[in-house]
Amino acid sequence: MGHHNKALRTTAVGAVSATLIAGSALGLAPAAQAAPNSVRFVDISGDGGTTLKANVITPAGADGSSRYPLLVLPTSWGLPQVEYFAQAQKLANSGYVVVSYNVRGFWQSGGEIEVAGPPDIADASRVIDWALANTPADAGHIGMAGVSYGAGISLLTAAHDKRVRAVAALSGWADLIGSIYSGRTQHVQAAGLLDGASLVTGRQSAEVRQIFNDFYASNLSKEQDMINWGKKRSAATYVDQLNKNGAAVMMANAWGDTIFPPNQYADFYEKLTGPKRLEFRPGDHATAELTGLFGLPNDVWTDTARWFDHYLKGEDNGINRELPVQLKSRSTGGYEGYPDWKSVGATNRKIALGGTTTIRTNVNSGADGGVVFLSSILDQVAHVPPMASIPLIPRLWAGVWQSEKYATPQRVRGTAKLHTTVTPTKESGTLVAYLYDVGPLGLGKLVSNAPYTFHGRTPGKPFAVDLELYSTAYDVPAGHRLALVVDTVDPLYIEHNPSGARLTFSSPANDPSYVSIPLREQ
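Counting in full-length UniProt numbering, the sequence shown runs from 1 upward without gaps.
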């Protein structure tokens with residue numbers, strides 16, 4: 001697995017560059033906006049006295065004689081406190097007190113990075129305390145919103161502080177382990193991006209540094225410690241508390257989010273019992289919200305404002321009467337509404353994975369999930385996902401199964417699921433499954449993928465594998481096929497295949513192998 005060290009260094013360098021560019025660009029946002037509202041840059045005392053750098057924007061003409069709904073916006077991972085300035089101005093214009101703050105450990109704020117640990121949640125509550133004492137904020141109408149890191153902190157705070165009545169969690173996570181360690185596999189490019197950005201813009205705690213080191217080193221003796229650490233930082237762990245508090249929760253993510261894949265948000269959404277809304281669009285991590293950070297028209301931020309207007313200001317704007325699950329396909333431009341997540345892929349069609357196939361490991365077959373950010377952005381703006389020539393994929397290194405040619409378009413919606421039987425020659429291993437849309441010339445466009453790692457298996461003894469691929473919305477044209485490709489190497493992930501290992505895929509008569517494709521009802 002030595003090549004991963006080089007991949008990680010490359011990813012970290014990319015992360016540093018991306019972060020500096022993003023930070024510089026976002027820093028221009030205030031200059032591009034008029035500032036009719038009162039703007040103050042303040043220091044807020046967070047948990048344990050840690051200084052949090054913040055800015056406060058109040059509605060024009062606010063003189064203390066009236067109270068306004070309060071919105072608290074924690075910053076994204078590695079970005080400065082001016083990140084939300086353009087949106088904060090718009091929200092203040094519409095009658096909100098808006099407090100944006102740099103989370104601890106980043107930029108000028110004090111403390112160390114805790115990755116949404118208990119001090120971060122306590123900080124958010126201290127910011128609310130400060131705003132109620134120092135601004136014309138209304139204690140009965142408090143909301144939180146954020147992108148990425150700010151989204152996760154907002155969800156966690158709503159579970160721990162019942163004063164938070166509404167949340168908009170954009171490009172966030174509800175299950176940290178289910179995001180960067182799904183399929184028991186390290187998502188190394190995603191982790192490297194977060195690690196590199198934090199080294200440039202912040203100060204990691206010793207605990208966080210150790211978590212990263214154990215993550216990269218595949219230290220199985222520390223695996224359960226890492227899982228426990230991640231659960232403490234996941235809103236899914238506290239869903240019962242969140243439901244009891246009754247906050248109205250809106251979540252929005254991109255289909256191609258390579259840091260926080262959509263599945264974990266959809267699973268969490270189904271467990272919420274209060275007012276809720278789920279939106280998915282094409283793109284990668286935070287790219288769907290990006291134009292809104294510059295004050296440009298943006299669907300995500302428009303819906304965020306509508307969400308708060310209804311649940312904090314009581315406006316009858318109709319958002320509560322719309323179908324709560326709103327999806328935009330990667331193939332078409334319009335939105336589709338559903339009453340719940342299970343209705344998204346109401347029909348399932350199975351592709352049989354017959355026969356017995358043995359593949360060798362540790363060689364890239366040519367099928368892969370692309371490059372973090374770059375590939376999903378290309379898909380978002382140009383409908384160009386990662387591609388592979390299916391006929392040319394070497395069967396020595398990959399298993400390939402194809403459907404029949406479809407006479408009508410197949411509207412894939414939701415989560416494809418792989419069920420198969422694997423017989424390893426070693427006790428550990430990794431496989432990566434890819435679902436492709438295959439055209440008449442054999443060129444495959446990536447629909448979805450997901451990794452799967454196993455440890456402690458008996459060589460030569462078959463076992464069942466059930467793997468959820470990343471949820472998506474993609475239209476397969478008439479005349480095309482779907483293909484499932486399974487190999488063992490992908491630059492997005494750390495693989496665990498010992499030298500010389502082989503994997504055999506079979507389809508026993510009493511437990512046939514298949515991939516189940518969720519389809520929108522025609």
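Beta carbons: idealized from backbone N, C-alpha and C, even for Gly.
All of these numbers come straight from a predicted model, not from anything done at the bench.
If you draw a straight line from the alpha carbon of Ile359 to that of Ala124, how long is it in whole angstroms?
51 angstroms
Closer than 6 angstroms by C-beta to Ala34: which residues in its own chain qualify, once you throw out the five before and the five after it? Chain order, please.
Confidence in Ala34 is poor, its pLDDT being 44 and thus under 50, which makes the residue's placement unreliable; the coordinate value appears in the next sentence. Taken in chain order, the list of residues that qualify is empty.
Of the choices Asn253, Arg277, Asn219, whose alpha-carbon is the least far from that of Ala247?
Arg277
To the nearest angstrom, how far is the alpha carbon of Leu199 from that of Gly110?
15 angstroms
Can you check DSSP and say which residues form a bridge with Gly152?
BP columns for Gly152 are empty, so no partner.
Nearest by alpha-carbon distance to Tyr265: which of Thr51, Gly439, Gly152 is it?
Nearest of Thr51, Gly439, Gly152 to Tyr265, Cα basis: Gly152.
Distance between Glu83 and Arg40 (C-alpha atoms, nearest Å)
15 angstroms
Out of curiosity, what's the CA-to-CA distance linking Val344 and Tyr311?
26 angstroms
Do Arg349 and Ile227 come within 8 angstroms of each other at the CB atom, strictly closer than that value?
no
For Gly150, which residues in the same chain have their Cβ closer than 7 angstroms to its Cβ, ignoring the five residues on either side in sequence?
Leu73, Pro74, Thr75, Ser76
May I ask you to report which of helix, strand or coil DSSP gives Asn55?
strand
What's the C-alpha gap between Ala54 and Val98?
Roughly 10 angstroms between the two C-alpha positions.
Would you mind sorting Val476 into buried or exposed? The rule is 16 or more other CB atoms within 10 Å of its CB.
buried
Tell me, which residues are paired with Pro74 by DSSP?
Tyr101
For Trp401, list the residues DSSP reports as bridge partners.
Trp401 is bridged to Leu484.
Exposed unless 16 or more other CB atoms sit within 10 angstroms - verdict on Tyr522:
Reading off the sequence shown, one finds Gln at residue 522, where the question assumed Tyr. Flag for Gln522 reads exposed.
Can you give the Cα-Cα distance for Ala190 and Gly202, rounded to whole angstroms?
17 angstroms
Relative to the C-alpha of Ser182, which residue among Ala88, Asn449, Val515 is closest?
Asn449
Please report the straight-line C-alpha distance between Leu503 and Glu495, rounded to a whole angstrom.
13 angstroms
Taking Cβ positions, are Ala131 and Met144 nearer each other than 8 angstroms?
no
Quick check on this structure: which residue in Pro512, Gln380, Thr273, Leu396 has the alpha carbon closest to the alpha carbon of Pro240?
One detail in the question is off: residue 240 reads as Asp in this sequence, not Pro. Ranking the options by Cα distance to Asp240, first place goes to Thr273.
Could you give the distance in angstroms between the alpha-carbon of Tyr514 and the alpha-carbon of Val432?
15 angstroms
Nearest by alpha-carbon distance to Tyr474: which of His383, Gly192, Gly178 is it?
His383
How would you write the range of the alpha helix (DSSP H) that Phe215 sits in, first residue to last?
206-217
Quick check on Ser45: does DSSP put it in helix, strand or coil?
strand
DSSP puts His187 in a beta bridge; with which residues?
DSSP, once it has assigned bridges, lists no residue as partnering His187.
Can you tell which of Arg321, Lys271, Arg411 has its C-alpha closest to the C-alpha of Ala346?
Arg411
Could you say if the segment 206-217 and the segment 288-297 meet the contact criterion of at least three C-beta pairs nearer than 8 angstroms?
no
Tell me whether Pro391 sits in a helix, a strand or coil according to DSSP, three-state version.
If DSSP states are grouped into helix, strand and coil, Pro391 belongs with the helices.
From the DSSP output, in three-state form, read off Tyr373 for me.
For clarity, residue 373 is Phe in the given sequence; the question names Tyr instead. The answer is coil: DSSP assigns Phe373 none of H, G, I, E or B.
Is it true that the segment 447-466 meets the segment 391-404, where meeting means three or more beta-carbon pairs spaced less than 8 angstroms apart?
no
When DSSP builds the beta bridges, which residues end up paired with Ala137?
Tyr68
Do you know whose CA, among Leu242, Phe280, Asn245, Glu270, lies nearest Phe260's CA?
Phe280
Any idea what DSSP makes of Tyr269, helix, strand or coil?
helix
If the criterion is Cβ atoms closer than 8 angstroms, does the pair Ile390 and Ala509 meet it?
Here Ile390 is not near Ala509, since their CB atoms are 8 angstroms or more apart.
Mind checking Arg330: buried by the 16 CB within 10 Å criterion, or exposed?
buried
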